[in-house]
Amino acid sequence: MSSSGKGPGDSTLLAASGDSDSIKVFVRVRPLTQGTGLTTDGDQSLCLNVSSPNTIRLLSKPEPRTFTYDHVADMDTSQDSVFNSVARNIVESCMNGYNGTIFAYGQTGSGKTFTMLGPSELDNFTDELRGVIPRSFEYLFFLIGREVERSGKSKSFLCKCSFIEIYNEQIYDLLDSASASLFLRENIKKGVFVEGAVEKFVNSAAEAYQVLSMGWRNRRVASTSMNRESSRSHAVFTMTLESKESRNEVVNIRRSQLNLVDLAGSERQKDTHTEGSRLKEASSINRSLMCLGQVIMALVDVSNGKSRHICYRDSKLTFLLKDSLGGNAKTYIIANVHPGSKCFGETLSTLQFAQRAKLIKNKAVINEDTQGNVKQLQAEVKKLKEQLAQALTSSGGDSAPGGPQPLMGTRSKAFSRSRWTGWATLEHPVEGVELVQCSVAGMKTTLRRAVRQNHFEADL
Ligand SMILES: Nc1ncnc2c1ncn2[C@@H]1O[C@H](COP(=O)(O)OP(=O)(O)OP(=O)(O)O)[C@@H](O)[C@H]1O
Ligand SMILES: [Mg+2]
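Residue numbers for the sequence shown follow UniProt numbering, beginning at 1 and rising by one.
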């Protein structure tokens, strides 16, 4: 997944921003028997109950176990309410230049596709039961329209989407069913991306629905004993958003990606009784979900201060989601669970997965770049410096405990790999702020943050 437009000096920005977002987790309990999901064989007994809007009680023996998440949604939760809790903030962040990822995780038949897309029989996206993906399009284009209007048209947006699936550890383009399998590449500018994937420009939610429907028709689903329309691949819909704002001949560009992921579900062979190609699919799905679990465990260790190698490259899924797991993105995981007693084992493992994932810290930054001539950019930097000086004066020059901290260190490797739009060197303009040679855009972003925060949390 691309981390495009990592701003100049991104490593510095990470440190200076203090933006350390934990992955957020939303647990959704599906209804016991609705739809054609997991058969309960008439068994109506439950293995869990939702004890508060963020706790779930698993009826384990000898003692029930309570798990806490950012949000827990009971069986009767509407699609609209799921969207509001999970996706609204992520879409708004994307509008501000942050990458965002939402992915649905859980056992087969637990409601991942229902949550992300809607019921399988849905053939348009006006239905009340439409899921997170179509609702995200609507909200995104609503926000775009509002921003363009507010800015008096000085701001413009460009949206393009791609849609791929990972099937048996191969990547296929859902927008071009004739294409052969594709490869993942990683480069400094774009991060991890699928080489050669079709990208369609869209100007409205309706156009985005069309791209979604077209890809969805190409996705591999099959009937299994656990789910009549079981997803046999991981599907990743990516919306790339670019905004340009011109002010006094300085153009500010922000780029972000919104990744909407419907994973294939884990399944136990003893429950599904699969064989032949279904069995091959299932083992490939289980293997990649296992790699996802291992990456998450390693990231949790890293969050606890341990030094660990993160094996992103062990599966296509984890490599593609690299930035969403511990990297430059705001990530929300929807953990779907089935409440039936028969599903106790899978539900427990989903809840444990989700609990670990919550501990991972991502480092989301605004992906921003500035164009203009050096003089104009320097004038803007000067203005920001003045604002910063003012902010410091009004706060009595307070800084972080332990005295002033430098906001920028020496020119880092990240600087040289970014797209340069201009250079500037600042002396030590304000007490507590040390700026060395860096890109004007990087400097601007740092100064802007410092102005906003009015204190320094940099840990260099
Ligand atoms: N919250 C819900 N309300 C009503 N129906 C639901 C809900 N969740 C799931 N269903 C129904 O249950 C069935 C299985 O759901 P779905 O296909 O979304 O599962 P899944 O997790 O995507 O499974 P798989 O991993 O096999 O693809 C579908 O018929 C779906 O419409
Ligand atoms: Mg599915």
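Backbone N, C-alpha and C define an ideal beta-carbon position, used for all residues, glycine too.
Verify whether the separation of the beta carbon atoms of residue 205 and residue 119 is less than 9 Å. As a position in the sequence shown, residue 205 is number 205, starting the count at 1. As a position in the sequence shown, residue 119 is number 119, starting the count at 1. For residue 205 and residue 119, no; Cβs fall outside 9 Å.
State yes or no: is the C-beta of residue 345 nearer than 8 Å to some heavy atom of ligand 1? Numbered from its first residue, the sequence shown carries residue 345 at position 345. No, since every heavy atom of ligand 1 falls outside the 8 Å radius drawn around the Cβ of residue 345.
Taking 8 Å as the cut-off, is the CB of residue 227 close to at least one heavy atom of ligand 2? Numbered from its first residue, the sequence shown carries residue 227 at position 227. Yes - ligand 2 has a heavy atom lying nearer than 8 Å to the Cβ of residue 227.
Check residue 166 in the structure and name its three-state DSSP category. Position 166 of the sequence shown, counted from the start, is the residue given in the question as residue 166. Residue 166: strand per DSSP, three-state reduction.
Could you spell out where the alpha helix (DSSP H) holding residue 375 opens and where it closes? If you number the sequence shown from 1, residue 375 lands on position 375. Per DSSP, residue 375 belongs to the alpha helix (DSSP H) from 374 to 394.
With residue 72 as the anchor, note down where its beta strand (DSSP E) starts and where it stops. Translated into positions along the sequence shown, residue 72 becomes position 72. From DSSP, the beta strand (DSSP E) with residue 72 extends over 71 to 73.
For the region 316 to 371, list the alpha helix (DSSP H) runs that are entirely contained and at least 4 residues long, ordered along the chain. 316 to 320, 344 to 357
Between residue 90 and residue 316, is the Cβ-Cβ spacing less than 9 Å? The count along the sequence shown starts at 1 and reaches residue 90 at position 90. The count along the sequence shown starts at 1 and reaches residue 316 at position 316. Their beta carbons are not under 9 Å apart, which means residue 90 does not touch residue 316 by this criterion.
Just to confirm my understanding: we take residue 241, look at its own chain, exclude 5 residues before and 5 after, and list those with CB closer than 6 Å. What are they? One-based indexing of the sequence shown puts residue 241 at position 241. Only 94, 159, 256 meet the Cβ criterion.
Return the CA-CA distance between residue 499 and residue 383, expressed in angstroms with no decimal places. The chain is shown only over 1 to 460; residue 499 falls outside these bounds and no answer can be derived.
Suppose only complete runs of 3+ residues qualify. What are the beta strand (DSSP E) ranges in the region 82 to 170, listed by chain order? 100 to 106, 155 to 167
My guess is that residue 335 and residue 350 are in contact by the Cβ rule of under 8 Å, so how many angstroms apart are they, rounded? Walking along the sequence shown from the start, residue 335 turns up at place 335. Walking along the sequence shown from the start, residue 350 turns up at place 350. About 5 Å; that satisfies the 8 Å criterion.
How far does the alpha helix (DSSP H) with residue 185 in it reach, from first residue to last? Your numbering for residue 185 matches position 185 in the sequence shown. From DSSP, residue 185 is part of no alpha helix (DSSP H) but of the beta strand (DSSP E) over 183 to 187.
Cutting at 6 Å between CB atoms, please list the residues of its own chain near residue 107, excluding the five before and the five after it. Here residue 107 corresponds to residue number 107 of the sequence shown, with the count starting at 1. Around residue 107: 265, 266, 346.
Ordered along the chain, which non-local residues of its own chain (more than five positions away) have a Cβ less than 6 Å from that of residue 258? Taking the sequence shown and counting its residues from 1, one reaches residue 258 at position 258. These residues qualify, in order along the chain: 94, 100, 239.
On the premise that residue 86 lies in contact with residue 132, defined as a C-beta separation below 8 Å, what is that separation, rounded to the nearest angstrom? One-based indexing of the sequence shown puts residue 132 at position 132. One-based indexing of the sequence shown puts residue 86 at position 86. With a Cβ gap of about 6 Å, residue 132 and residue 86 count as contacting.
Quick one: grab the DSSP three-state call for residue 229. As a position in the sequence shown, residue 229 is number 229, starting the count at 1. Three-state DSSP puts residue 229 in coil, outside helix and strand.
Among 21, 236, 63, 223, which residue has its Cα nearest to the Cα of residue 198? Residue 198 sits at position 198 when you count from the first residue of the sequence shown. Nearest of 21, 236, 63, 223 to residue 198, Cα basis: 236.
Relative to the alpha-carbon of residue 363, which residue among 313, 285, 303 has its alpha-carbon at the smallest distance? Along the sequence shown, one-based indexing puts residue 363 at 363. When only C-alpha atoms are compared, the closest one is 303.
For ligand 2, I want to know if residue 528 counts as a neighbour, meaning its beta carbon is within less than 8 Å of at least one of the ligand's heavy atoms. Because the chain is modelled from 1 through 460, residue 528 falls outside the range shown and cannot be assessed.
My guess is that residue 54 and residue 68 are in contact by the Cβ rule of under 8 Å, so how many angstroms apart are they, rounded? Numbered from 1 along the sequence shown, position 54 holds the residue referred to as residue 54. Numbered from 1 along the sequence shown, position 68 holds the residue referred to as residue 68. Contact holds; Cβ gap of about 6 Å.
Option nearest residue 191 by Cα separation, candidates 284, 378, 367, 387: The residue labelled residue 191 in the question sits at position 191 within the sequence shown. Checked all of 284, 378, 367, 387; the closest Cα to residue 191 is 367.
Please confirm whether any heavy atom of ligand 1 lies closer than 8 Å to the CB of residue 127. As a working note, residue 127 is residue 127 in the sequence shown. The answer is no for residue 127.
In the DSSP output, which residue or residues are listed as bridge partners for residue 200? Within the sequence shown, residue 200 is the residue found at index 200, counting from 1. Partner(s): 161.
Same chain, Cβ closer than 6 Å to residue 308, neighbours up to 5 away in sequence not counted: As a first step, residue 308 is located in the sequence shown; it is residue number 308 there, counting from the start. Same-chain partners within the cutoff: 298, 301, 302.
Closest to residue 129 by CA distance: which of 26, 371, 79, 343 is it? Working through the sequence shown from its first residue, we reach residue 129 at position 129. Looking at the Cα atoms, 79 is the closest of the given residues.
Sheet register partners of residue 29 (DSSP bridge): As a working note, residue 29 is residue 29 in the sequence shown. For residue 29, which the question treats as bridged, DSSP gives the partners 337.
As assigned by DSSP and simplified to three states, the class of residue 263: Reading the sequence shown from its first residue, position 263 is the one you call residue 263. DSSP places residue 263 in coil when its eight states are reduced to three.
Starting from the Cα of residue 174, find the closest Cα among 147, 210, 151 and give me that residue. Your numbering for residue 174 matches position 174 in the sequence shown. Ranking 147, 210, 151 by Cα distance to residue 174 puts 210 first.
Is any heavy atom of ligand 1 found at a distance shorter than 8 Å from the C-beta of residue 31? On the sequence shown, residue 31 is found 31 positions in, with the first residue counted as 1. Residue 31 Cβ: within cutoff of ligand 1.
Helix or strand or just coil, what does DSSP make of residue 235? Taking the sequence shown and counting its residues from 1, the one referred to as residue 235 is at position 235. Here residue 235 sits in strand by DSSP.
Helix, strand or coil: how does DSSP classify residue 255 here? Counting from 1 along the sequence shown, the entry for residue 255 is found at position 255. Strand, per DSSP.
Sorry if obvious, but does the Cβ on residue 262 come closer than 8 Å to a heavy atom of ligand 1? Residue 262 sits at position 262 when you count from the first residue of the sequence shown. Residue 262 Cβ: within cutoff of ligand 1.
For residue 184, I'd like the list of residues in its chain whose CB is within less than 8 Å of its CB, leaving aside the five on either flank, ordered along the chain. Residue mapping note: residue 184 aligns to position 184 of the sequence shown, counting from 1. Excluding positions up to five away in sequence, the list reads 171, 192, 193, 194, 195, 316, 319, 320.
Contact under 9 Å by Cβ, residue 154 with residue 245: Reading the sequence shown from its first residue, position 154 is the one you call residue 154. Reading the sequence shown from its first residue, position 245 is the one you call residue 245. Yes. Within cutoff.
Cβ neighbour criterion (16 or more within 10 Å) applied to residue 117: As a working mapping, residue 117 is identified with position 117 in the sequence shown. Classification for residue 117: buried.
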